[in-house]
Amino acid sequence: MNLLNSIHLYPPKHVCGAEFMAHWINKDVKKRGGDVRVLLHQARHYQISSVYVYDDIDVFPPGEYVAERLFQWSDAVLTHLDYTDWTIGMGAVMRKPVFHAIHNTHIYQKIVLADKPQFIIYNSEWAKQELGYKHDSIVLHPPVDWRFYDTNID
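Per my numbering, the very first residue in the sequence shown carries number 3; after that it's consecutive.
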């Protein structure tokens with residue numbers, strides 16, 4: 003399976019919870035034999051102008067035809083937050099299923115109104131109950147390696 007992330011920012015420069023939720027999902031996909039690439043929509047925010055590899059994940063800044071080529075390469079697309087609307091549209095054009103990583107209870111009207119195939123990945127039962135999107139969904143507690151957060155390392 004070829005999984006594309008269509009997201010605004012990614013580690014190691016951007017180290018927020020949503021980005022690490024996506025990263026740990028990506029690592030799990032790779033561990034199971036899949037391939038993952040990230041389309042980094044806001045690469046300019048950190049002056050990123052070339053492809054880089056983070057923890058065995060290829061990360062691509064936008065450029066001429068980069069998004070189109072990555073969508074063609076992919077079997078499915080994972081998105082969240084800022085580029086949800088854009089990714090839903092591009093997924094429809096390119097006929098790719100879109101998976102939404104949900105880690106807050108902000109309602110995205112584009113998800114509510116989107117045609118299938120849209121799939122929702124909630125990070126908790128609470129978020130699922132609060133939002134109740136009408137698309138197929140699962141609850142996935144982010145597959146986090148606790149050692150990454152170990153504060154007792156000397």
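We put the beta carbon where it would ideally sit given N, CA and C, even for glycine.
Just so we're clear, the structure is a prediction, and the values are computed from it rather than from any experiment.
Alpha helix (DSSP H) segment containing residue i, residue limits
| i | result |
| --- | --- |
| Asp37 | From DSSP, Asp37 is part of no alpha helix (DSSP H) but of the beta strand (DSSP E) over Asp37 to Leu42. |
| Gln74 | Val68 to Trp75 |
| Thr89 | Thr86 to Met96 |
Assigned exposure category for residue i - 16 Cβ within 10 Å defines buried
| i | result |
| --- | --- |
| Val55 | exposed |
| Phe150 | exposed |
| Pro14 | exposed |
| Ser107 | In the sequence as displayed, the identity of residue 107 is Thr instead of Ser. Per the 10 Å Cβ criterion, exposed. |
| Leu11 | buried |
| Gly93 | buried |
| Met3 | exposed |
| Tyr124 | buried |
Contact belief for residue i with residue j at Cβ below 8 Å, rounded distance in angstroms
| i | j | result |
| --- | --- | --- |
| Glu72 | Leu41 | The question names Glu, but residue 72 is Leu in the sequence shown. Correct: roughly 5 Å between the Cβ atoms. |
| Ile9 | His43 | 7 Å |
| His143 | Lys118 | 25 Å between Cβ atoms; not a contact. |
| Leu2 | Ile109 | Because the chain spans 3 through 156 in this model, residue 2 falls outside it and cannot be assessed. |
Proximity of residue i and residue j at Cβ, strictly below 9 Å
| i | j | result |
| --- | --- | --- |
| Val38 | Ile50 | no |
| Ala78 | Pro99 | yes |
| Ile122 | Ile140 | yes |
| Pro63 | Ser76 | no |
| Asn7 | Thr81 | yes |
| His105 | Ala20 | yes |
| Met96 | Gln74 | yes |
| Pro145 | Lys29 | yes |
Where the beta strand (DSSP E) containing residue i begins and where it ends
| i | result |
| --- | --- |
| Phe121 | Gln120 to Tyr124 |
| Asp30 | Premise fails: Asp30 lies in the alpha helix (DSSP H), Gly19 to Lys33, not in any beta strand (DSSP E). |
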